[in-house]
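Protein chains in written order, with my numbering: chain A, 5 to 223; chain U, 468 to 826. By construction, the Cβ of each residue, glycine as well, lies at the ideal position given by its N, Cα and C atoms. The structure appears right after this line, and notes come after that.
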């Protein structure tokens, strides 16, 4: 298999398989989670200001008082790389084109130099967070294989995408194929790992906020 | 047409100055030092017609057309007058047994010294019967001719990589020259067709230095195939700005915006079209408004649609809908199982009374 055949495979059957597993996993898990149901809380609801599902969805995006000072790397690094990933995935021209081809939606792209810069900043934030995870004894103790694995699965597509556009290490064709392949690995892993928080995040926040809101506790 | 090239050119009205300019251009295009232009001029001017045998196999003659016509009449065309093109079916006057005799005479007289140029792929299916010349299969002819060659130049994507005959499902079992010839230096000059100056550049290099130019991992001269079309494209700034033509005749297309979304394969195609251009520097595919097809890359014909962007799926998704249905089904099944488990647990639940605890 030469490099163009490899690229064509990643753009063809590889993508087909990855998107298939992704859809299968996402639908399976979402349906499973949302049909679990909970018993009705028969206690009379208490009302308190700021206690609701919607409040919690937003409040959990901000660090609780004092936490920013205690673990600045987690919060600032976390913000940077999440926003960075969103910019790269949703505002990079080739990515928008892929989305348009898959679901028919399209919007304007950002210049490729800006996407390149965002990739560098995102990777820097991710590396700092990895170093922090290794350096802090508590974080290291709490980390399992899944944490290291999902970090790598998220990092490699950004790295290969950036290296492809910058023509580093390997010829563009091979690097592009590796980039697409790594993104496909990410698609396959996502529904079955903690990366699924991309789908469950707001639902679970709403749930927690709602349950506690019923008790009159703003969380 | 005997004697050194410079005399031949002089007879054709090409001045020494024009010839030197040509050599300097060629040297700079091949990324050789400035002095190489002069060395090239001297070597080529004095060169004594090396024997060249050109074998056409499964091909469309597009490569020959490209090299003999698109620049005609220019120095490139005349370079062919100074090599002794002893066998070229399209160009030679001889035919039939005469032609075969010319081939064998050239091979015998110049054994070990002639350059072998091949265009077209070689079919191996049905013992090579898909393409025969003078009752012999291409694979036989190639093996015999390659054995006595100083070097082999594979002209065009078919000879270099198998090209269109090798495209899926490859009915004739077509292969490239390098699939068959292992013991001779091979230069691949892919393209469908290749750029004339690349061809003459390689010949000039051989005549000047007695060696073949530096090649990349696919056997292509690095000086011409070192960069991608995308890297050298004059529309590149628009790619970087995120400005893309959406159709072939929209405002973006008229403004010369990037053709990436229309399927341009420039980013994965190594060739010199963007710098050398075609038809004597007149234009080239991207400048004329059409994306690059990637014709100088192996298996370009099977690389997905010419009109699909590189980041778009090469084929429509086949499993997605089925996978979604299976996923939803699995979700529902697991959810039913969970409900059953919950209800069973509920049914099994025994109420504990105070009396039970006091037992």
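Top-ranked residue by Cα proximity to residue i, from the options
i: residue 585/U; options: 627/U, 745/U, 729/U, 756/U; result: 627/U
i: residue 43/A; options: 806/U, 507/U, 748/U, 751/U; result: 806/U
i: residue 639/U; options: 648/U, 669/U, 594/U, 750/U; result: 594/U
i: residue 615/U; options: 582/U, 642/U, 526/U, 621/U; result: 582/U
i: residue 10/A; options: 176/A, 216/A, 219/A; result: 176/A
i: residue 40/A; options: 825/U, 804/U, 550/U, 813/U; result: 804/U
i: residue 726/U; options: 748/U, 791/U, 758/U; result: 758/U
i: residue 683/U; options: 534/U, 738/U, 590/U, 674/U; result: 738/U
i: residue 133/A; options: 217/A, 75/A, 50/A; result: 75/A
i: residue 589/U; options: 576/U, 572/U, 574/U, 634/U; result: 634/U
i: residue 194/A; options: 28/A, 119/A, 179/A; result: 28/A
i: residue 580/U; options: 565/U, 619/U, 750/U, 735/U; result: 619/U
i: residue 12/A; options: 824/U, 777/U, 797/U; result: 777/U
i: residue 524/U; options: 607/U, 650/U, 516/U; result: 607/U
i: residue 121/A; options: 96/A, 154/A, 15/A, 68/A; result: 96/A
i: residue 7/A; options: 736/U, 670/U, 672/U, 792/U; result: 736/U
Sheet register partners of residue i (DSSP bridge)
i: residue 136/A; result: According to DSSP, which records beta bridges pairwise, residue 136/A is partnered with nothing at all.
i: residue 525/U; result: 588/U
i: residue 695/U; result: 737/U
i: residue 604/U; result: 599/U
i: residue 725/U; result: 711/U
i: residue 581/U; result: 616/U
i: residue 768/U; result: Residue 768/U pairs with nothing; no bridge assigned.
i: residue 520/U; result: 554/U, 583/U
i: residue 750/U; result: 745/U
i: residue 688/U; result: 682/U
i: residue 641/U; result: 590/U
Counted within 10 angstroms of its Cβ, other Cβ atoms place residue i as buried (16 or more) or exposed
i: residue 111/A; result: exposed
i: residue 172/A; result: exposed
i: residue 539/U; result: A caution first: residue 539/U carries a pLDDT of 45, below 50, which makes its placement in the model unreliable, though a value can still be read off. Classification for residue 539/U: exposed.
i: residue 755/U; result: exposed
i: residue 170/A; result: exposed
i: residue 72/A; result: exposed
i: residue 557/U; result: exposed
i: residue 709/U; result: buried
i: residue 205/A; result: exposed
i: residue 468/U; result: Residue placement at residue 468/U cannot be trusted, given a pLDDT of 40 that sits under 50; the coordinates are not used to answer.
i: residue 605/U; result: buried
i: residue 711/U; result: buried
i: residue 715/U; result: exposed
i: residue 746/U; result: exposed
Residue i - containing alpha helix (DSSP H), residue span
i: residue 91/A; result: 82-95
i: residue 656/U; result: Here residue 656/U belongs to no alpha helix (DSSP H); instead the beta strand (DSSP E) covers 653-656.
i: residue 513/U; result: 501-513
i: residue 9/A; result: 7-13
i: residue 188/A; result: 176-193
i: residue 490/U; result: 483-496
i: residue 111/A; result: Careful: residue 111/A lies outside any alpha helix (DSSP H) and carries neither H nor E.
i: residue 216/A; result: 201-218
i: residue 821/U; result: 821-824
Beta strand (DSSP E) segment containing residue i, residue limits
i: residue 774/U; result: Where residue 774/U is concerned, there is no enclosing beta strand (DSSP E), given that its DSSP letter is neither H nor E.
i: residue 553/U; result: 551-554
i: residue 434/U; result: For residue 434/U there is no data in the structure shown, the boundaries of chain U being 468 and 826.
i: residue 160/A; result: Looking at the DSSP string, residue 160/A is not in any beta strand (DSSP E); the run it does join, the alpha helix (DSSP H), is 149-170.
Near the ligand FAD: residue i beta-carbon under 8 angstroms from a heavy atom
i: residue 778/U; result: Of the ligands one can find in the structure shown there are none, so the ligand FAD has no counterpart to examine.
Under 8 angstroms, with one C-beta from each stretch per pair, do the region 686-693 of chain U and the region 715-732 of chain U reach the 3-pair mark?
Judged by Cβ distances under 8 angstroms, the region 686-693 of chain U makes no contact with the region 715-732 of chain U, as fewer than three pairs qualify.
For the pair the region 183-193 of chain A and the region 159-174 of chain A, tell me if three or more CB-CB distances fall below 8 angstroms.
Proximity of the region 183-193 of chain A to the region 159-174 of chain A meets the contact definition, three or more beta-carbon pairs being nearer than 8 angstroms.
Determine, using beta-carbon pairs with one atom in the region 700-707 of chain U and one in the region 508-520 of chain U, whether at least three such pairs fall under 8 angstroms.
The region 700-707 of chain U is not in contact with the region 508-520 of chain U.
Decide yes or no for the touch test of the region 128-147 of chain A against the region 810-819 of chain U: beta carbon pairs closer than 8 angstroms, at least 3 of them.
With the cut-off at 8 angstroms, the region 128-147 of chain A and the region 810-819 of chain U do not touch.
Is there contact here, the region 652-663 of chain U with the region 523-532 of chain U, by at least three beta-carbon pairs under 8 angstroms?
Flag = yes, the region 652-663 of chain U and the region 523-532 of chain U touch.
At least 3 beta-carbon pairs within less than 8 angstroms: the region 784-791 of chain U vs the region 19-26 of chain A
Remark: three or more beta-carbon pairs, one from each stretch, lie closer than 8 angstroms, so the region 784-791 of chain U and the region 19-26 of chain A are flagged as touching.
Should the region 766-778 of chain U be called in touch with the region 807-815 of chain U, which here means at least 3 C-beta pairs below 8 angstroms?
Output reads no: the region 807-815 of chain U does not touch the region 766-778 of chain U.
Counting pairs of Cβ atoms below 8 angstroms between the region 198-211 of chain A and the region 492-503 of chain U, do you hit three or more?
Cβ pair count under 8 angstroms is below three, so no.
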